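Same order as they appear, the protein sequences are chains R and G.
One rule links them: number in the numbering used here = place in the first sequence (from 1) + 1495.
One rule links them: number in the numbering used here = place in the second sequence (from 1) + 101.
Glycine included, every Cβ here is placed at the ideal spot set by N, Cα and C.
Note that the coordinates shown come from a computational prediction; the quantities given were computed from them, not determined experimentally.
Remarks on the structure that follows.
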Amino acid sequence: MSFLNMKGVCKGFGQGSTRVEVLRDINLEIQEGEFVAIVGYSGSGKSTLIQLLSGLSLPDQGTIELDGKRIEGPGPDRGVVFQNYSLLPWLTVLGNIELAVERVFPKYTASQRREHAMRYISMVNLAHASDRRPAELSGGMRQRVSVARALAMQPRILLLDEPLGALDALTRGKLQDEIESIMMAERRTAVLITNDVDEALRLADRVIPLHPGPGAVLGPHFPVPMARPRDRAELNDQPEYRRLSGEINQYLSDLRRGAQGGVAALDPALANLAPVHFKRRRGVANVQTVS
Amino acid sequence: MRHVIAFSETLGLSWVSPFARLISGEDPRRQFRAILLEVGLPLAAIAVFLLFWSVAASSIRTSLGTLPGPAQTIEQAGAMWQEYRAEKAKEKLFYQAQIQRNAARLERNPSARTTAWTYNGKPTYLDQIKTSLVTVFAGFLVATLIAVPVGLVCGLSPTVMGALNPLIQVFKPVSPLAWLPIVTMVVSAVYLGEAAWMPKSFVISAFTVALCSLWPSLVNTALGVASIDKDFINVARVLRLPTSTRITRIYLPAALPLVFAGLRLSLGVGWMVLIAAEMLAQNPGLGKFVWDEFQNGSSVSLARIVVAVLTIGVIGFALDRVMVILQRLASFGRPVQA
Chain R
1496 MSFLNMKGVC KGFGQGSTRV EVLRDINLEI QEGEFVAIVG YSGSGKSTLI QLLSGLSLPD
1556 QGTIELDGKR IEGPGPDRGV VFQNYSLLPW LTVLGNIELA VERVFPKYTA SQRREHAMRY
1616 ISMVNLAHAS DRRPAELSGG MRQRVSVARA LAMQPRILLL DEPLGALDAL TRGKLQDEIE
1676 SIMMAERRTA VLITNDVDEA LRLADRVIPL HPGPGAVLGP HFPVPMARPR DRAELNDQPE
1736 YRRLSGEINQ YLSDLRRGAQ GGVAALDPAL ANLAPVHFKR RRGVANVQTV S
Chain G
102 MRHVIAFSET LGLSWVSPFA RLISGEDPRR QFRAILLEVG LPLAAIAVFL LFWSVAASSI
162 RTSLGTLPGP AQTIEQAGAM WQEYRAEKAK EKLFYQAQIQ RNAARLERNP SARTTAWTYN
222 GKPTYLDQIK TSLVTVFAGF LVATLIAVPV GLVCGLSPTV MGALNPLIQV FKPVSPLAWL
282 PIVTMVVSAV YLGEAAWMPK SFVISAFTVA LCSLWPSLVN TALGVASIDK DFINVARVLR
342 LPTSTRITRI YLPAALPLVF AGLRLSLGVG WMVLIAAEML AQNPGLGKFV WDEFQNGSSV
402 SLARIVVAVL TIGVIGFALD RVMVILQRLA SFGRPVQA
């Protein structure tokens, strides 16, 4: 019995003829302590998937079970790191995290709560900024607060919805390092949604491409065996990394080509087109087709 | 100096910052340009206005003499200040005389009963301003206490909003002058034991102010709560916050900038309504002052009314600034339209 279990999950939006099936028959099993990354193009239904896992929306068909219990709504046992941080701008960094701690550990005294929150703020290296408001922080710092908030809830599973999508490449790399070291220390089950194959390969134990919607399904699983910590610079030299990166990228670009041609994915047939030759003759443009 | 700049910007006094920056040694050419734009331009506009005013005023003859220009207005403002001083001096003399009289009486007969009268002179112009301010704040307070909770409920529940919306839309555009007779009659009928510190005329004007200034706060609060960022609601849902915590920790703070924008509009409306209400309700205050001067019809009445008009404008401006500051503080670093 796996820790997280999605069985035959479907989700669509709209009614009647305007109805769009976003996810069709999603099946996924995640073991406890496993870090799974789901990669896919934007608009392929990745965010809908995380919405379902967090319980913010419910599946039309199928079931999602966490540790044998069916998910029927949102709850603090699933810590979500939203792409747009979702910090409350009227609270300080500490206040934002304390609000979460207060809900999850209602029996804590004020000083225990503070101590607990500060531990996670230090974990993301923001102890110096604990009394600042989100408006005074950079994007990377805000996302760190968001990660700290999710971890401070000590959730059974961590859901990361394109957490680094809005950040520049340098900050992104740095935060990947931080997330990896935190996840190694905390050993929590996590699902990462991303559109970046390299990010998925750096962080995850298993990478699953999402076959894009409408009617998205999960593609084949790619286990990532590289040893941790995975150093960004060294990773590029590892044949295993290069092989996986190549395979996943190939799979995704095949999908894309399939989607664009309107032909079945993975088997992109070439359209029947003939080359065209242009010839210029005495100022008059003349087009000649040779077939 | 950095704090001076930040503070003056919080106050909405953006013209202070180029001076402060100049003193702290930032690029002088840019700061001089900023001073020219932020200080020079408004001053020039005021000068042109004063010129236009004095020329236009001198060519208009009314039954009370020519319309007062800036010079006569300043002169009357000075005269009114002298009146205030004179009235205060009279009051002081009155109390001194009373103390002496009572002391003398006690000296003649130690068991004599003395009486302490309070001075009952006519209210000075500053007293009128004070009354107006107290009234507008009382009305504004009542309006806030009604508008914010009702707006909150409207914003939270589309059902309540749907039910109340027609009422709000109909009552919102009603003029204070239409409310006044009804408020007068209702207050006269309900408010029987008239307390000395809260005369009937005060209650009437305050309630009229409240009735008219209620609407912007109500509508803005409802809008602020209803248009709350979906991300904040998601946070509340993931944390499974109970309703009371949701309201105090999520909805209210999220709506606060718009609530204060509404309160600011309300106070502005209230201040405008108050003058009209005081004129008609004969509640002591700036409105009554204007009306009395109009009825008085002396040769200086028009100049005194112009002084009152300018006072009303300056106080209205000051009130608005105060609300802008509050609005800024409630916006947590997000920009505010000044």
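If contact is defined by three or more beta carbon pairs under 8 Å, each pair taking one atom from either stretch, is the segment 238-256 of chain G in contact with the segment 311-325 of chain G?
Under the Cβ criterion (8 Å, minimum of three pairs), the segment 311-325 of chain G counts as touching the segment 238-256 of chain G.
Going by the CB atoms, is the gap between R:Val-1588 and R:Val-1640 shorter than 9 Å?
For the purposes of this step, residue 1640 of chain R is taken as residue 145 along the first sequence, with counting starting at 1. For the purposes of this step, residue 1588 of chain R is taken as residue 93 along the first sequence, with counting starting at 1. At the C-beta level, R:Val-1640 and R:Val-1588 come within 9 Å of one another.
Report the partner residues of R:Asn-1500 according to the DSSP bridge assignment.
For this step, residue 1500 of chain R is matched to residue 5 along the first sequence. R:Asn-1500 is bridged to R:Glu-1524 and R:Glu-1560.
Shorter than 9 Å from the beta carbon of R:Asp-1762 to some beta carbon of chain G?
Numbered from 1 along the first sequence, position 267 holds the residue referred to as residue 1762 of chain R. Note that R:Asp-1762 scores 44 on pLDDT, short of 50, meaning its location in the model is unreliable and no value can be drawn from it.
Assign G:Arg-422 to one of three DSSP states: helix, strand, or coil.
One-based indexing of the second sequence puts residue 422 of chain G at position 321. Helix.
Segment limits, alpha helix (DSSP H) that includes R:Asp-1693:
Locating residue 1693 of chain R in the first sequence gives position 198, counting from the first residue. Here the alpha helix (DSSP H) through R:Asp-1693 covers 1692-1698.
Can you give me the C-alpha to C-alpha distance between G:Leu-268 and G:Val-320, rounded to a whole angstrom?
Taking the first residue of the second sequence as position 1, residue 268 of chain G is located at position 167. Taking the first residue of the second sequence as position 1, residue 320 of chain G is located at position 219. Roughly 12 Å between the two C-alpha positions.
Judging by CA-CA distance, which residue of R:Ile-1743, R:Cys-1505 and R:Asp-1691 is the nearest neighbour of R:Gln-1556?
Stepping through the first sequence from its first residue, residue 1556 of chain R is reached at position 61. Per the Cα distances, R:Cys-1505.
How many angstroms separate the CA atom of R:Asp-1726 from the CA atom of R:Ser-1740?
Taking the first residue of the first sequence as 1, we reach residue 1726 of chain R at position 231. Taking the first residue of the first sequence as 1, we reach residue 1740 of chain R at position 245. Between the C-alpha atoms of R:Asp-1726 and R:Ser-1740 there is a straight-line separation of about 15 Å.
Looking at chain G, which residues of the segment 1622-1641 of chain R have a Cβ within less than 9 Å of any of its Cβ atoms?
Per Cβ criterion, the list reads Arg-1628, Pro-1629, Ala-1630 and Glu-1631.
Does the segment 341-360 of chain G touch the segment 423-435 of chain G, meaning 3 or more C-beta pairs lie closer than 8 Å?
Yes, since at least three Cβ pairs between the segment 423-435 of chain G and the segment 341-360 of chain G fall closer than 8 Å, the two stretches touch.
Spatial distance of G:Ala-187 from G:Gly-252 (CA atoms):
Start at 1 with the first residue of the second sequence, and residue 187 of chain G comes out as number 86. Start at 1 with the first residue of the second sequence, and residue 252 of chain G comes out as number 151. Near 49 Å, if we compare the C-alpha coordinates of G:Gly-252 and G:Ala-187.
Can you tell me which of the three DSSP states G:His-443 falls into?
Absent from the structure is residue 443 of chain G, since the part of chain G shown begins at 102 and ends at 439.
Just the C-alpha distance for R:Leu-1582 and R:Pro-1629, rounded to the nearest angstrom, thanks.
Reading the first sequence from its first residue, position 87 is the one you call residue 1582 of chain R. Reading the first sequence from its first residue, position 134 is the one you call residue 1629 of chain R. Cα to Cα, R:Leu-1582 sits roughly 7 Å from R:Pro-1629.
For R:Leu-1659, collect the residues of the same chain with a Cβ closer than 6 Å to its Cβ; drop the 5 residues on either side in sequence, then sort them by chain order.
If you number the first sequence from 1, residue 1659 of chain R lands on position 164. Non-local C-beta neighbours of R:Leu-1659 in its own chain, meaning closer than 6 Å and more than five positions away in sequence, comprise Arg-1667 and Leu-1670, ordered along the chain.
Please name the residues in the segment 1565-1592 of chain R whose beta-carbon is closer than 7 Å to at least one beta-carbon of chain G, in chain order.
Interface annotation for the segment 1565-1592 of chain R against chain G: Pro-1569, Gly-1570, Pro-1571, Val-1575, Phe-1577, Asn-1579, Ser-1581, Leu-1583, Pro-1584 and Trp-1585, criterion Cβ-Cβ distance under 7 Å.
Have a look at G:Arg-209 and G:Glu-192 and give me their C-alpha separation to the nearest angstrom.
Within the second sequence, numbered from 1, the residue matching residue 209 of chain G stands at position 108. Within the second sequence, numbered from 1, the residue matching residue 192 of chain G stands at position 91. Taking C-alpha positions only, G:Arg-209 is separated from G:Glu-192 by approximately 26 Å.
For the segment 1636-1679 of chain R, list the beta strand (DSSP E) runs that are entirely contained and at least 3 residues long, ordered along the chain.
Runs found: 1652-1656.
Cβ of R:Leu-1561 within 9 Å of Cβ of R:Asp-1572?
Counted from its first residue, the first sequence places residue 1561 of chain R at position 66. Counted from its first residue, the first sequence places residue 1572 of chain R at position 77. Yes. Within cutoff.
When you compare each of G:Phe-153, G:Lys-231 and G:Ile-106 to G:Gln-132 by their alpha carbons, which one comes out closest?
In the second sequence, counting from the first residue as 1, residue 132 of chain G sits at position 31. Of G:Phe-153, G:Lys-231 and G:Ile-106, the residue nearest in Cα terms is G:Ile-106.
Please determine, among R:Met-1501, R:His-1623, R:Ile-1533 and R:Val-1686, the residue with the shortest C-alpha to C-alpha distance to R:Ala-1645.
As a working note, residue 1645 of chain R is residue 150 in the first sequence. Ranking R:Met-1501, R:His-1623, R:Ile-1533 and R:Val-1686 by CA distance to the CA of R:Ala-1645 puts R:Val-1686 first.
So for G:Arg-350, helix, strand or coil by DSSP?
Indexing the second sequence from 1 puts residue 350 of chain G at position 249. Residue state, collapsed to three classes: helix.
Quick one: residues in its chain with C-beta nearer than 8 Å to the C-beta of R:Ile-1677, no 5 flanking neighbours on either side, listed in chain order?
Residue numbering aside, residue 1677 of chain R sits at position 182 when the first sequence is read from its first letter. Met-1618, Val-1619, Val-1642 and Leu-1646, listed in sequence order.
Hey, could you find the ends of the alpha helix (DSSP H) R:Arg-1683 is sitting in?
In the first sequence, residue 1683 of chain R corresponds to position 188, counting from 1. Per DSSP, R:Arg-1683 belongs to no alpha helix (DSSP H) and is neither H nor E.
Does the distance from the C-beta atom of R:Val-1576 to that of R:Ala-1699 stay below 9 Å?
Translated into the one-based positions of the first sequence, residue 1576 of chain R becomes position 81. Translated into the one-based positions of the first sequence, residue 1699 of chain R becomes position 204. Taking 9 Å as the Cβ cut-off, R:Val-1576 and R:Ala-1699 do not qualify as a contacting pair.
By the 7 Å beta-carbon criterion, what residues does the segment 1593-1605 of chain R contribute toward chain G?
For the segment 1593-1605 of chain R, the set of residues with a beta-carbon nearer than 7 Å to any beta-carbon of chain G comprises Leu-1594, Ala-1595 and Arg-1598, in chain order.
For chain G, is any of its Cβ atoms less than 9 Å away from the one on R:Ser-1549?
As a position in the first sequence, residue 1549 of chain R is number 54, starting the count at 1. Yes, its Cβ sits closer than 9 Å to a Cβ of chain G.
Identify the continuous beta strand (DSSP E) that holds G:Ala-213 and give its terminal residues.
Counting from 1 along the second sequence, the entry for residue 213 of chain G is found at position 112. Where G:Ala-213 is concerned, there is no enclosing beta strand (DSSP E), given that its DSSP letter is neither H nor E.
Thinking C-beta only, is G:Val-237 closer than 9 Å to G:Leu-366?
Working through the second sequence from its first residue, we reach residue 366 of chain G at position 265. Working through the second sequence from its first residue, we reach residue 237 of chain G at position 136. In this structure, G:Leu-366 sits away from G:Val-237, with a CB-CB distance that is not shorter than 9 Å.
If you check the beta carbons only, do G:Met-380 and G:Gly-369 fall under 9 Å apart?
Reading the second sequence from its first residue, position 279 is the one you call residue 380 of chain G. Reading the second sequence from its first residue, position 268 is the one you call residue 369 of chain G. Result no, Cβ atoms of G:Met-380 and G:Gly-369 do not sit closer than 9 Å.
One question on the structure: do R:Gly-1568 and R:Gly-1540 come within less than 9 Å of each other, judged by their Cβ atoms?
Along the first sequence, one-based indexing puts residue 1568 of chain R at 73. Along the first sequence, one-based indexing puts residue 1540 of chain R at 45. Going by C-beta atoms, R:Gly-1568 is not nearer than 9 Å to R:Gly-1540.
Using 8 Å as the Cβ pair cut-off and three pairs as the minimum, do the segment 168-180 of chain G and the segment 396-407 of chain G touch?
The segment 168-180 of chain G, when compared against the segment 396-407 of chain G, does touch it at the 8 Å Cβ threshold.
What residue range does the alpha helix (DSSP H) around G:Gly-252 cover?
As a position in the second sequence, residue 252 of chain G is number 151, starting the count at 1. That run of the alpha helix (DSSP H) goes 226-257.
From G:Pro-143 to G:Tyr-352, what distance separates their C-alpha atoms?
Stepping through the second sequence from its first residue, residue 143 of chain G is reached at position 42. Stepping through the second sequence from its first residue, residue 352 of chain G is reached at position 251. Pairing G:Pro-143 with G:Tyr-352, the inter-Cα distance amounts to about 40 Å.
Just to confirm, is the Cβ distance from R:Val-1719 to R:Arg-1737 under 9 Å?
Taking the first residue of the first sequence as position 1, residue 1719 of chain R is located at position 224. Taking the first residue of the first sequence as position 1, residue 1737 of chain R is located at position 242. Their beta carbons are not under 9 Å apart, which means R:Val-1719 does not touch R:Arg-1737 by this criterion.
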